[in-house]
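> Quick one: this structure, given as structure tokens, is what I'll be asking you about.
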DNA sequence: ATAGCTTCCGAACACTTGTTTTGTCAAGTA
DNA sequence: TACTTGACAAAACAAGTGTTCGGAAGCTAT
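Chains as they are written, first to last, in my numbering: chain A, 170 to 385; chain B, 170 to 385.
This is the structure:
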């Protein structure tokens, strides 16, 4: 049996509910619908809401006020197909990076991260940085890209990290290598030289786990 | 004057409201909060909600039932900080690509696109493809990346496009050049040779406008 | 036409829900 | 001490809100 279509009235009610929720963030009451759609009785609204629920267009939370919600608009979606991480600044070879723990996460600009790139449930401790410069061009990271980093203080050889050089008070995006007692920070750009320094002078601020690039 | 912090109780209430809305799609009532958080009186809830609203953590719709909404969770966000495009398949040098117009867009897998990469209002006619192979490695596109393409049938010299070779019935990701009467499709990989063919044999299926990469 | 169905109407009902009022109590503060 | 303020408690109040129910109107099929 094919799914029945919505009647004219049901279509209008559905549209009304969707825009009401989009604009105000809460469900309309039955009397809201009745009034704004010039329906003669609340019982008519009730009746058609029942139909809409059977059609799967809306979900009703039994007998409670303003209990209409729309599955396709569910805030649950907000944590399903993507997540959001704070954009903590720009990373350039040589310029200092705001400490992720000191930034007010509430007021930081947010970057949406598709679930295909990093699943939302693995987004804890992840932040984004804008890339300035081409020091990682051979690692397919270009000026203007956004890199996603997971905060961690250690790294394996070969991992791409944001590393802080304490003495120089600089933060840079490099590949990390531990070599008999010292650290090598290797740019992915054939024209640039690696940095050698002592383990004490290096503080890892996160590891790159994703890249986003706009070519518009 | 620095913004005050939430008290312990307010923190709990806020968390409760957020998860309630996420799970059920509607706001909790004051008595829901009172009961589930073991608060002695509705007036206490009311009092603290007032504080939360002053802090900007929640929005209250005056005097109506279940009128609490959370700005950060607003369904309006669903069309603000990102958009979604269909994932139409995989592009490999040599394998055919499903025609974007023939695919059922409703049931195609969706990819979330951050507003930073492509603004949602410019997402019309945009689709995503998974990249197979390393023919564009010098253009910073690697195996496994997602590329975002805007559907268009013409291209300027140097633009990166998905091009269909009609005779060969193959689709490939290349840089496009028009050279005195013929077309050159240039891979961005020093080890690979360009393809030369006639304009009649080339059908452009879209231009690359973004790249998403996961390094997890 | 008649039965059966869907859709609608109007009003009344009962529960849900936000608000208000009156106090209490502890921590500051002059 | 006396006064203010923040946070809480208990109960009562007044709307807001979903539901129900008898009946009417329109429609379809027999």
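By construction, the Cβ of each residue, glycine as well, lies at the ideal position given by its N, Cα and C atoms.
Measure the alpha-carbon distance for residue 259/A versus residue 356/B and round it to whole angstroms.
The straight-line gap from Cα to Cα measures roughly 31 Å.
> Assuming the contact rule is C-beta atoms closer than 8 Å, residue 335/A and residue 370/A should be a hit. Round their C-beta distance to whole Å, please.
Rounded, the Cβ-Cβ distance is 5 Å, consistent with contact.
> Ordered along the chain, which non-local residues of its own chain (more than five positions away) have a Cβ less than 6 Å from that of residue 207/A?
Cβ within range, chain order: n/a, list empty.
> Counting beta carbon pairs with one atom in the region 173-190 of chain B and one in the region 360-377 of chain A, are three or more of them shorter than 8 Å?
They do not touch, by the three-pair rule.
> Check whether the Cβ atoms of residue 340/A and residue 317/A sit closer than 8 Å, and answer yes or no.
Contact: no.
> Taking the alpha carbon of residue 362/A as the point to measure from, which residue in 381/A, 232/A, 223/A and 303/A has its own alpha carbon closest?
Nearest C-alpha to residue 362/A: 303/A.
> Name, going along the chain, the residues of the region 225-238 of chain A whose beta-carbon falls closer than 8 Å to a beta-carbon of chain B.
Listed in sequence order: 228, 230, 233, 234, 235, 236, 237 and 238.
> Just verifying my parser: in three-state terms, what is the DSSP assignment at residue 222/A?
Of the three classes helix, strand and coil, the one that applies to residue 222/A here is helix, per DSSP.
> In the DSSP assignment, the alpha helix (DSSP H) including residue 397/B goes from what residue to what residue?
Here chain B has residues from 170 to 385 only, and residue 397/B is not among them.
> Just verifying my parser: in three-state terms, what is the DSSP assignment at residue 238/A?
In the structure shown, residue 238/A sits in a strand (DSSP, three-state: E or B).
> From the beta carbon of residue 336/B, is the nearest beta carbon of chain A less than 8 Å away?
Not one chain A Cβ lies under 8 Å of residue 336/B.
> Using DSSP with H/G/I as helix, E/B as strand and the rest coil, what is residue 323/B?
Three-state result, residue 323/B: coil.
> At which residue ranges does the region 325-368 of chain A contain complete beta strand (DSSP E) runs of 3 or more residues, listed in the order of the chain?
Listed in chain order, the complete beta strand (DSSP E) runs (minimum 3 residues) inside the region 325-368 of chain A are 329-334, 339-348, 351-355 and 364-366.
> Flag this pair as yes or no: are the beta carbons of residue 296/A and residue 228/A separated by less than 8 Å?
The answer is no: Cβ separation not under 8 Å.
> Do you know how far the Cα of residue 288/B is from the Cα of residue 220/A?
When rounded, the distance between both Cα atoms is 37 Å.
> Specify the secondary structure class of residue 203/B as computed by DSSP and reduced to three states.
In this structure, residue 203/B counts as helix in the three-state DSSP scheme.
> On the CB-based measure, 16 or more other CB atoms within 10 Å of its CB, does residue 223/A come out buried or exposed?
When all chains shown are included, residue 223/A counts as exposed.
> Near residue 290/A, which residues of its chain fall below 7 Å by C-beta distance, leaving aside the five closest residues on each side in sequence?
For residue 290/A, where only same-chain residues beyond five positions count, there are no Cβ hits under 7 Å.
> Under the three-state reduction of DSSP, which class applies to residue 198/A: helix, strand or coil?
Residue 198/A: coil per DSSP, three-state reduction.
> Against residue 309/B, what residues of chain A qualify as contacts under a CB-to-CB distance less than 8 Å, listed in chain order?
Simply 306, 309, 310, 311 and 382.
> Can you give me, in chain order, the residues of the region 202-227 of chain B that have a beta carbon less than 8 Å from any beta carbon in chain A?
So nothing in the stretch comes that close.
> Since residue 297/A sits in a beta bridge, which residues does DSSP pair it with?
The partner list for residue 297/A (beta bridge, DSSP) reads 256/A and 317/A.
> With residue 376/A as the anchor, note down where its beta strand (DSSP E) starts and where it stops.
First-last of the beta strand (DSSP E) with residue 376/A: 371-383.
> Check whether chain A comes within 8 Å of residue 250/B, counting only Cβ atoms and requiring the distance to be less than that.
Yes, because at least one Cβ of chain A sits closer than 8 Å to the Cβ of residue 250/B.
> Is it true that the CB of residue 285/B sits closer than 8 Å to the CB of residue 381/A?
Going by C-beta atoms, residue 381/A is nearer than 8 Å to residue 285/B.
> Do you know offhand how far residue 194/A's Cα is from residue 323/A's?
C-alpha separation (whole angstroms): 43 Å.
> In this structure, how does DSSP classify residue 288/B when only helix, strand and coil are distinguished?
Reduced to three states, the DSSP call for residue 288/B is coil.
> Got a sec: which bits of the region 353-377 of chain A sit with their beta carbon under 9 Å from any beta carbon on chain B, in order along the chain?
Within the region 353-377 of chain A, the qualifying residues are 376 and 377.
> Do the CB positions of residue 312/A and residue 301/A come within less than 8 Å of each other?
Contact flag set, yes.
> Among residues of its own chain, excluding the 5 on either side of residue 234/B, which ones have a beta-carbon nearer than 6 Å to its beta-carbon?
Around residue 234/B: no qualifying Cβ.
> Along chain A, in chain order, which residues have C-beta atoms closer than 8 Å to that of residue 284/B?
In chain order: 281.
> Could you tell me whether any Cβ in chain A is nearer than 8 Å to the Cβ of residue 170/B?
Interpretation of residue 170/B is limited by its pLDDT of 29, a score under 50 that renders its predicted location unreliable; the figure taken from the coordinates is listed afterwards. No, residue 170/B lies away from the interface with chain A (no Cβ there is under 8 Å from its Cβ).
> Strictly under 8 Å for the Cβ-Cβ distance: is residue 196/B near chain A by that measure?
Residue 196/B counts as touching chain A.
> By Cβ distance, which residues of its chain are closer than 8 Å to residue 196/A, with the 5 residues on each side in sequence left out?
Correct list, in chain order: 186, 189, 190, 235, 236, 237 and 238.
> Measuring only the C-alpha atoms, how far is residue 348/A from residue 252/A?
Spanning the two alpha carbons is a distance of roughly 37 Å.
> Identify, in the order they occur along the chain, each residue of the same chain with its Cβ nearer than 8 Å to the Cβ of residue 327/B, setting aside the five sequence neighbours on each side.
344, 345 and 346, listed in sequence order.
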